[in-house]
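Trainee: If you count the sequence shown from 1, position 34 lands on 34 in full-length UniProt numbering, and the numbers rise without skipping. Quick reminder that beta carbons are idealized off the backbone N, C-alpha and C, glycines included. Computed from a prediction, not measured in an experiment: that's the story for all the values here. Submitted below is the structure of interest, expressed as structure tokens.
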Amino acid sequence: MTPENGQEDAVLLLARTRALGPGQVASWTLPPAPEIVAQARKLTVDQLNTWDLDDLEYTTSLVVSELVTNAIRYSHGPIGLRLIRGRSLICEVSDTSSTSPQLRHAEDTDEGGCGRYLIAQMTQHWGTRPGRRGKTIWTEQELP
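What follows is the structure, given as structure tokens:
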């Protein structure tokens, strides 16, 4: 806003944070190799079992598999996998590529390109955020 009387406007930003306990976050750094996808799924399932979230195993395993596979395919360097159990289940995969994914609708004859669409259908929310060296793609699922 342009001040009419020569005074500057002030803006106040309030943020409410909620600290998570160490038992609510699990994270791993994975090498960018195709054989790591199976390990990423196993780490995910084991953590969900620890949190008694067996109902989310199938969906979360598919999400992790798709995101880690794309990180291997489109970036170079280590891949971060993080699960956060708060009011919902957050799954994050970080990689070194700064290219944001695009949601597209694959044709019936396409052999690829439907992963983001499937993730959007299986989760409540998803998005991407830039990082210092790459990006993080996150998904959110309701807890049972």
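Compare the C-alpha of V37 against each of I90, S65, E92 and Q47 and name the closest.
Mentor: Position 37 of the sequence shown, counted from the first residue, corresponds to residue 37. Among I90, S65, E92 and Q47, the Cα nearest to that of V37 belongs to S65.
Trainee: Is it buried or exposed for T29, if we count other Cβ within 10 angstroms and need 16 for buried?
Mentor: Working through the sequence shown from its first residue, we reach residue 29 at position 29. T29 should be labelled exposed.
Trainee: Can you name, in chain order, every residue of its own chain whose Cβ lies under 6 Å from the Cβ of T69, other than the five neighbours on each side?
Mentor: Indexing the sequence shown from 1 puts residue 69 at position 69. The residues are V37.
Trainee: In the structure shown, what three-state DSSP assignment does A33 receive?
Mentor: Position 33 of the sequence shown, counting from 1, holds the residue named residue 33. Three-state DSSP puts A33 in coil, outside helix and strand.
Trainee: Measuring only the C-alpha atoms, how far is I72 from R132?
Mentor: Taking the first residue of the sequence shown as 1, we reach residue 72 at position 72. Taking the first residue of the sequence shown as 1, we reach residue 132 at position 132. The straight-line gap from Cα to Cα measures roughly 19 Å.
Trainee: When you compare only the Cα positions, how much space is there between E57 and Q24?
Mentor: Here residue 57 is taken as the residue at index 57 of the sequence shown, counted from 1. Here residue 24 is taken as the residue at index 24 of the sequence shown, counted from 1. Straight-line Cα distance between these residues: approximately 16 Å.
Trainee: In chain order, which alpha helix (DSSP H) runs of at least 4 residues are fully inside the segment 13-89?
Mentor: Entirely contained in the segment 13-89, the alpha helix (DSSP H) runs reaching 4 residues are, in chain order, 36-50 and 57-74.
Trainee: Between Y74 and S97, is the Cβ-Cβ spacing less than 8 Å?
Mentor: For the purposes of this step, residue 74 is identified with residue 74 of the sequence shown, where counting begins at 1. For the purposes of this step, residue 97 is identified with residue 97 of the sequence shown, where counting begins at 1. Yes; because the gap between Cβ atoms is below 8 Å, this pair is in contact.
Trainee: In angstroms, rounded to a whole number, what distance separates the CA positions of D54 and P144?
Mentor: The residue labelled residue 54 in the question sits at position 54 within the sequence shown. The residue labelled residue 144 in the question sits at position 144 within the sequence shown. Each residue's Cα considered, the two are about 9 Å apart.
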